[in-house]
Amino acid sequence: MKSKNSIPFFITLISVTAAGPVAMQLYIPSVPAITKDFEVSLGVAQFAFSLSLITMAISMLFYGPLSDKYGRKQILIYGMILFITGSIVSLVSNSIYILIFGRIIQSIGGAGGLVISRAIVRDIYGPKNAARVLGTLITIFIAAPMIAVIIGGFISEYYGWRSVFVASFFIGILILILIIFFLPQLKNSKNQIQSFKSTYQAYFKLLKSPVFLGFSMQGAFAPGAFMSFMAIGPYLMIIELDRPPSEFGIYFGIVTLIFMIANYVGGKYSKPVGIEKMVFIGAIISVFAGISGLTLYLYFGLTVFLMFLIQTISSIGNGVAMPSSQIGAMNVNPSVSGTASGAAAFFQTIISALFAQTVSSINYDMALVLFLATLLAALGALSFGSIPILYKK
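Add 176 to the 1-based position in the sequence shown for my numbering, that's all there is to it.
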């Protein structure tokens with residue numbers, strides 16, 4: 177087995193985790209050019225993004241059981257081949273519908289890394305140290321899509337939107353090489369499930385576990401505040417407050433940096449403090465942010481400082497809890513850690529998408545909607561995050 181502490185191994189883990197989100201973010205800056213090239217509306221072009229997100233979420237449910245049954249490495253290889261194939265289809269597409277089809281294939285392939293990388297961390301580092309390692313992994317992973325947006329904008333502007341899929345193709349090839357040469361072939365546990373019937377019985381068993389639901393749903397609700405901010409924050413900043421986009425980018429970068437630091441700290445202290453307590457502490461911080469934001473907005477109105485201050489505090493709470501909530505969900509039944517990872521990732525993606533779609537659809541006092549969504553997400557995180565402590569032996 178390759179050393180779990182080797183740099184190539186860790187780079188491989190980061191790469192397979194980030195493949196799907198990076199491809200998604202690379203696409204965003206090219207949407208205007210795609211609408212012009214294919215002569216379609218912005219809504220139709222954005223549909224490719226929305227559908228790929230939904231496809232990715234559904235695919236996560238299958239990658240966990242497949243990796244539990246057939247092995248992490250094999251399924252990752254097949255997933256990356258799909259990712260590369262989807263990139264090629266998107267690159268040569270001559271209509272928006274073929275492009276959407278290519279994006280679906282790409283998303284199915286990219287979803288595997290999001291699920292299986294977490295399970296690999298759990299397999300190799302064990303339940304006690306996995307949260308620390310995962311915290312570091314997520315910290316780096318968060319930065320990758322942000323950088324991808326910048327790169328996607330640059331290459332789309334200077335080389336055309338198809339160059340985005342050329343980049344995705346070569347990213348897929350590179351990650352496939354890393355998987356083949358630097359990812360260990362993990363042996364299945366003797367207790368691991370042997371059939372798909374028992375696999376999906378394991379899903380239902382997990383859903384009946386209060387501890388699993390507590391960890392996974394806390395991890396699903398907590399990012400809702402951030403996704404709500406992503407959906408309408410730019411509008412509030414640029415349109416309502418009449419500030420330049422560059423200023424939003426600077427503040428957003430600061431919030432993201434603080435989230436990454438909180439994520440690292442959350443992973444580092446998960447072992448001495450305990451994952452149940454770390455999840456609860458993070459949820460309490462998020463609730464404090466939600467209550468403070470709503471109260472201050474009602475008294476003083478919307479300001480740039482208030483909006484980003486509350487988002488920063490909320491991100492600290494989310495970052496502190498995230499590594500522990502993800503590992504906690506997989507620790508419920510280690511023999512199906514891949515299945516648990518897939519279910520948890522599915523919940524997180526779907527609920528985050530629901531928050532983003534809902535807040536952007538309400539045409540009434542969008543600042544109030546944002547602060548209410550922040551509080552609602554925090555209360556959901558606290559409600560579910562309290563369950564593991566109550567059931568702790």
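Beta carbons: idealized from backbone N, C-alpha and C, even for Gly.
A quick note: this is a predicted structure, and the numbers were derived from the prediction, not measured.
Judged by DSSP secondary structure, Asn494 falls within the alpha helix (DSSP H) whose first and last residues are 480-507. Between the segment 490-500 and the segment 437-447, the count of Cβ pairs shorter than 8 Å is three or higher; the stretches touch.
Residue nearest to Asp299 within the set Ile563, Leu382, Thr525, Ala516 is Ala516 (criterion: CA-CA distance). With 16 or more other Cβ atoms from the protein chains shown falling within 10 Å of its own Cβ, Leu558 counts as buried. Look at Gln361 here: in three-state DSSP terms it is coil, with no helix or strand label. In terms of Cβ geometry, Gly466 and Ala324 do not form a close pair [threshold 8 Å]. Using a Cβ distance threshold of 8 Å, Ala396 and Gly289 do not count as a contacting pair. Judged by DSSP in its simplified three-state form, Glu423 adopts helix. The beta carbon of Ala438 sits closer than 6 Å to those of Ile492, Gly495, Val496, all from its chain and outside the five residues before and after it, given in chain order.
Per DSSP, the continuous alpha helix (DSSP H) segment holding Pro208 begins and ends at 207-214.
As the crow flies, the alpha-carbon of Lys245 is around 26 Å from that of Ser182. DSSP, read as helix, strand or coil, puts Tyr273 in helix.
Under the 8 Å Cβ criterion, the segment 257-276 does not count as touching the segment 527-536, having fewer than three qualifying pairs.
With 16 or more neighbouring CB atoms inside 10 Å of its own CB, Val192 falls in the buried class.
Spatial neighbours of Pro410 in its own chain (CB-CB distance under 7 Å, excluding positions within 5 residues in sequence) are listed in chain order as Phe424. The C-beta distance from Ile284 to Ser235 rounds to 5 Å, short enough to meet the 8 Å contact threshold. Contact check for Tyr239 against Ile190 fails: the beta carbons are separated by 8 Å or more. If you compare the alpha carbons of Ile414, Glu416, Pro564, Phe547 with that of Gln502, the shortest gap goes to Pro564. Segment contact: the segment 517-527 against the segment 447-465, fewer than three CB-CB distances shorter than 8 Å; contact not assigned.
With fewer than 16 other Cβ atoms inside 10 Å of its own Cβ, Phe380 counts as exposed. Within a 10 Å sphere around the beta-carbon of Thr479 sit fewer than 16 other beta-carbons, which makes this residue exposed. Straight-line measurement puts the Cα of Lys249 at about 7 Å from the Cα of Pro360. The criterion of a C-beta distance shorter than 8 Å is satisfied by Asn509 and Ala378. Here the alpha carbons of Ile355 and Leu252 stand approximately 8 Å from one another. By the criterion of a C-beta distance shorter than 7 Å, Val340 is surrounded in its chain by Leu202, Tyr203, Ser206, Gly328, Ile331, Ser332, once the five residues flanking it on both sides are discounted. For Phe560 against Leu389, the beta-carbon gap comes to about 7 Å, under 8 Å, which counts as contact. Here the alpha carbon of Pro448 sits roughly 10 Å from the alpha carbon of Asn305. At least 8 Å separates the beta-carbon of Gly518 from that of Leu313. The closest CA to that of Tyr473, considering only Gly278, Leu383, Tyr301, Leu551, is found on Leu551. Straight through space, the alpha carbons of Gln394 and Glu452 are spaced by roughly 11 Å.
Taking C-alpha positions only, Phe358 is separated from Gly302 by approximately 20 Å. Contact check for Val431 against Thr488 passes: the beta carbons are separated by less than 8 Å. For Gly477, the number of other beta carbons within 10 angstroms of its own is below 16, and it is reported as exposed. The C-beta of Gly336 has fewer than 16 other C-beta atoms within 10 Å across all chains shown, which makes the residue exposed.
Counting every other CB atom within 10 Å of its CB across the protein chains shown gives Phe346 a total below 16, marking it as exposed. By the criterion of a C-beta distance shorter than 8 Å, Ala209 is surrounded in its chain by Ser332, Gly336, Trp337, once the five residues flanking it on both sides are discounted.
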